[in-house]
Amino acid sequence: MSAAQAASAFLRPSATTRLKEAAFFFTYNNNSASARLCMGRRGAERTFGEADDYPTTEEDTVVDEETLQSNLDRAIQEEDYTRAAKIRDDLRILHEDTEASVLAANARFYNAFKNGDLTAMYSIWAKGDHVYVVHPGAGRISGYDVVLQSWEMVCNADYEFPLNIDLKNIEVHVRGDLAYVTCLELVKSKGRTWGKQIATNVFEKVDGAWYICVHHASHIEE
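Per the numbering used here, residue 200 is the first one in the sequence shown, and the count goes up by one each step.
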């Protein structure tokens, strides 16, 4: 299916779905947090071991999830439960930071969508033939250039931007350098509803930043 056909299908509003008016509500920071955790940059500005005379190593100071988990397993095996508890706390912080970074990337996508901002849309997509989009009621469009052509048609359509976009039931899942967000999209432009869409957005981490590589949205009926 061509970008024009897919975008045309995407732009058809649902006549059977009523949409409650709601403002677009994202307030996430646009700066992506690193997926690696620098132990000295949060809270009490501590590093491993400084509170209880444990030796601080380079891997303790800047670590990723795999290193943290390895350190945790070793601490448990050595029955060093005080250090194990600290590593568990650091793992929790790392997970929270990474999820926040993915949600910030998701927010940048919807801000570009909401505002019809093509410059922003071009900057937030991963580049390559592996990226794809499925607009509601349309087939799969693959490849960075064609995907962005479809968004050009959406952003250049006869709508009054900014759109009203409300997201419900947001869930985020992170697995290493890949993450995905699922949500319910409620979209409305002036005088027109777009219906409800179930959306899945997949992100990949490139050079420490999260970029969207898949957007799949499907209409649902009430």
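All C-beta atoms, glycine included, are put in the ideal place defined by N, C-alpha and C. Treat the numbers as computed from the prediction; the structure is a model and nothing was measured.
Between V330 and V346, the C-beta spacing is below 8 Å. Rounded to the nearest whole angstrom, the C-alpha separation of Y343 and V301 is 20 Å. In this structure F312 is buried. Its beta-carbon is surrounded by 16 or more other beta-carbon atoms within 10 angstroms. Cα atoms of F360 and N314: separation of roughly 5 Å, rounded to the nearest angstrom. The beta-carbon distance between I323 and F308, rounded to whole angstroms, is 6 Å. This is short enough to meet the 8 Å contact definition.
When the alpha-carbon of K389 is set against those of W409, Q396, C412, I364, the nearest one is in I364. One alpha carbon belongs to Q396, the other to R291, and they sit about 32 Å apart. Annotation for E298: V371, V373 place their beta carbon closer than 7 Å to its own, counting only its chain and skipping 5 residues before and after. Taking 8 Å as the cut-off, the Cβ atoms of L366 and E384 count as close. Measuring C-alpha to C-alpha distances from I369 to each of G375, D376, V380 identifies V380 as the nearest. Membership of E370 in any alpha helix (DSSP H) is not indicated; the residue belongs instead to the beta strand (DSSP E) covering 363-374. Secondary structure of A299 (DSSP, three-state): helix.
Our two residues, A416 and W409, have alpha carbons roughly 20 Å apart in a direct line. In the DSSP assignment, the residues bridged to T399 are T381, H415.
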